[in-house]
Amino acid sequence: MAPPLPRWIAHRGGGTLAPENTLAGIRLAARLGFRAVEFDVMLSADGAPVLIHDETLERTTNGHGPVSATPEAALLALDAGGGERIPRFIEAARLCRQLGLFANIEIKPATGLTAATAETVSRLATELWQDAPEQALISSFDLEALTIAHRLAPQLRRGVLYEAVPDDWPDFFRAIAATTLHCDATLIDDATLRQAAALAVPVFCYTVDDPAAAADLRRRGVSGFFTDRLDRFSGEAGL
Ligand code: G3P
Ligand code: MG
6 MAPPLPRWIA
16 HRGGGTLAPE
26 NTLAGIRLAA
36 RLGFRAVEFD
46 VMLSADGAPV
56 LIHDETLERT
66 TNGHGPVSAT
76 PEAALLALDA
86 GGGERIPRFI
96 EAARLCRQLG
106 LFANIEIKPA
116 TGLTAATAET
126 VSRLATELWQ
136 DAPEQALISS
146 FDLEALTIAH
156 RLAPQLRRGV
166 LYEAVPDDWP
176 DFFRAIAATT
186 LHCDATLIDD
196 ATLRQAAALA
206 VPVFCYTVDD
216 PAAAADLRRR
226 GVSGFFTDRL
236 DRFSGEAGL
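Going by our numbering, the first residue of the sequence shown is number 6, and it counts up by one from there.
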């Protein structure tokens, strides 16, 4: 039987304690006792999946311009903070497997690249998690990407990602046989949490950095939390 879903997920690798979406961040999460990490995946100009959050390079690297206009080799030569480089998706996946980390792969397609990104991630994740004791969880704000992931990699789990959850969320959730509902912690309402509980759907909220807020959300029925402050939750990080 698969282990229970994690309660704590290190956001963008190591949250704000390491350069985001880097292998150093993923290693830090494991060192601090986290058993789950989330990271964002986007395609380079030549179609290679890499870990990065923004469509442009300026905020998190010393590069310039759109990720989708930059070839993989040029992306990998950039500094993504503290001397770390942008990881290839394959490297992050292998590291998660090696460290025994549950992986939440967020498909983050650059504009116009939904199908290519979802197809590439679905195909590679199928290979990389073949024979894994615990399948990866694919999430996205892009519902078309999730539809493609469901079609191409039904054995992977899917999390439907929203900022505010729309009232009709169960329709799409059922259509792609999703496992989890993900949303902004500041926008979740009790009616949605009651509905999710009635449907036995685990709700994961981002980004929760305050222990009192986490306790309150948990009382209200939230199952899992993405955090940037791994240091504040290391006592229960393994849950
Ligand atoms: O998947 C949860 C969270 O990562 C979604 O927001 O913008 O940090 O990717 P963002
Ligand atoms: Mg993300």
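Glycine residues also receive a C-beta, built at the ideal position from the N, C-alpha and C atoms.
A distance criterion of 7 Å places the beta-carbon of residue 63 beyond contact range of the ligand MG, judged by its closest non-hydrogen atom. The DSSP-derived three-state label of residue 65 is coil.
Pairing residue 228 with residue 41, the inter-Cα distance amounts to about 14 Å. Annotation for residue 209: the continuous beta strand (DSSP E) segment containing it runs 208 to 211. Between the segment 27 to 45 and the segment 104 to 113 there are three or more C-beta pairs closer than 8 Å, enough to call the two in contact. Taking 8 Å as the cut-off, the beta carbon of residue 183 is found closer than this to the beta carbon of residue 165. For residue 162, the uninterrupted beta strand (DSSP E) run begins and ends at 162 to 166, by DSSP. The segment 134 to 144 makes no contact with the segment 173 to 182; the number of CB pairs closer than 8 Å stays below 3. Proximity to residue 52 across 25, 63, 93 peaks at 93, based on C-alpha coordinates. The beta carbon of residue 231 sits closer than 6 Å to those of 14, 16, 43, 211, 212, all from its chain and outside the five residues before and after it, given in chain order.
Here the alpha carbon of residue 98 sits roughly 25 Å from the alpha carbon of residue 214.
DSSP links residue 155 through a beta bridge to no other residue.
When DSSP states are grouped into helix, strand and coil, residue 126 belongs to the helix group. Taking every protein chain shown into account, the CB of residue 116 has fewer than 16 other CB atoms within 10 angstroms, so this residue is exposed. Residue 14 has 231 as its beta-bridge partners, per DSSP. DSSP, read as helix, strand or coil, puts residue 185 in strand.
Judged by DSSP secondary structure, residue 60 falls outside any beta strand (DSSP E); it is assigned neither H nor E.
Taking 3 residues as the shortest admissible run, the segment 86 to 141 contains the following complete beta strand (DSSP E) segments, listed from N- to C-terminal end: 107 to 112. Counting every other CB atom within 10 Å of its CB across the protein chains shown gives residue 187 a total of 16 or more, marking it as buried. Taken through DSSP and simplified to helix, strand or coil, residue 143 comes out as strand.
Linking residue 181 to residue 91 through their CA atoms gives a straight-line distance of about 31 Å.
Rounded to whole angstroms, the Cβ separation of residue 96 and residue 58 is 17 Å, and the two are not in contact under 8 Å. The count of Cβ pairs closer than 8 Å, one atom from the segment 191 to 209 and one from the segment 121 to 141, stays below three, leaving the stretches out of contact.
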